[in-house]
Structures are given as structure tokens and as C-alpha cells.
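Let me begin by presenting the structure, written as C-alpha cells, before commenting on it.
Numbering (UniProt numbering), first residue to last: 1 to 154.
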């Protein structure tokens, strides 16, 4: 694992380039620390679904990338860490405001990470959704020792 710290600008760049669908939504990284992230998603008319609320796929994408960021905050820039499962429970209808996502890792193993994400509407302390998920972490690249040099003839 790459233990290099991942800064907010690093994570924002990785979201924009590595997960462009979500990066193009305008996700901003507000805070990163070991095992935790806070992301913000500005309000946008494209996120509205019938009924005048934010669509579930928008919230799911934000939760997924928040968990990705929480994983990477512990292992560094390992772009091939991938979602293996994710469940989201929509707790209440969000108003048409920006969203906040707070992701944290609950258990970190060598090959799997398990965490949760709470989603909030801006300026509202009550969560609108709760997601849990598991990420697969690729194995360390095997570093082969070079073959020993042949013995020199006496």
C-alpha cells in the first residue's frame, strides 16, 4: 500500500480524472484525514428528478466516491481500489440544495475496506441517506529480486 498522505487537492484531482462522471458533477473535497472525508456537491438543475427532489443516482454516486476517498485516505493513490458492494438507504426526501457527504472507514483490512457514508442537505444536520460499502484493495505489486550474478571463474 502507498502510505503517502492524500490531500484534498489530490483527491479532487483523482475524482475529476479517475471518475470523470462524478468529477463533472462538480464534487468538491472539503476535508480529508486518515479514514475520513467530507465532500460537497453543489445544487444543479440536472440533478432534479420528478417530484422536485434530487435523484437517487446522484446521491449514490456521491456516496460511492466519498467511500473511495475514505479508502484512499488510508492507502494513498491506489486507483484500482474498487467497489465490491454498496447499499444505500434513503431516509427522507432531500430539498433542492447542495449535498454533503461524510465518509469514514469502519474496518480496514489488507484486501478489503468497509465503511459508511452519511449524506446531508446543505444547512441541515439531519441525514437524508445512509450508505455502507466494501472496497477491494488490489494486492501489493510483487517486487522480484534480480537473479544473482553468476560466480566469476577463478
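Cβ atoms here follow ideal geometry from the backbone N, Cα and C, with glycine treated the same way.
- In this structure the region 114–125 touches the region 91–105; the number of beta carbon pairs closer than 8 Å is three or more.
- Counting C-beta pairs with one atom in each stretch, the region 29–49 and the region 2–21 have three or more that are closer than 8 Å, which means they touch.
- CA-CA distance, residue 104 to residue 70, rounds to 6 Å.
- The C-alpha of residue 64 lies about 23 Å from the C-alpha of residue 50.
- Put simply, the backbone Cα of residue 44 is about 11 Å away from that of residue 53.
- Between the C-alpha atoms of residue 106 and residue 117 there is a straight-line separation of about 10 Å.
- The Cβ neighbour count for residue 82, taken over all protein chains shown within 10 Å, is under 16; the residue is labelled exposed.
- Counting of Cβ neighbours within 10 angstroms places residue 115 among the buried residues, the total reaching 16 or more.
- A Cβ-Cβ separation of about 4 Å places residue 88 in contact with residue 131 under the 8 Å criterion.
- Exclusion of the five residues before and after residue 72 leaves 6, 11, 14, 78 and 81 as the residues of its chain whose Cβ lies within less than 8 Å of its Cβ.
- When 56, 16 and 129 are compared, the shortest CA-CA separation from residue 68 is found for 16.
- Short of 6 Å from the beta carbon of residue 23, and not among the five residues preceding or following it, lie these beta carbons of its own chain, in chain order: 15 and 16.
- If you draw a 10 Å sphere on the C-beta of residue 62, you find 16 or more other C-beta atoms in it, and that means buried.
- When beta bridges are read from the DSSP output, residue 136 appears opposite 82 and 112.
- Rounded to the nearest whole angstrom, the C-alpha separation of residue 37 and residue 28 is 11 Å.
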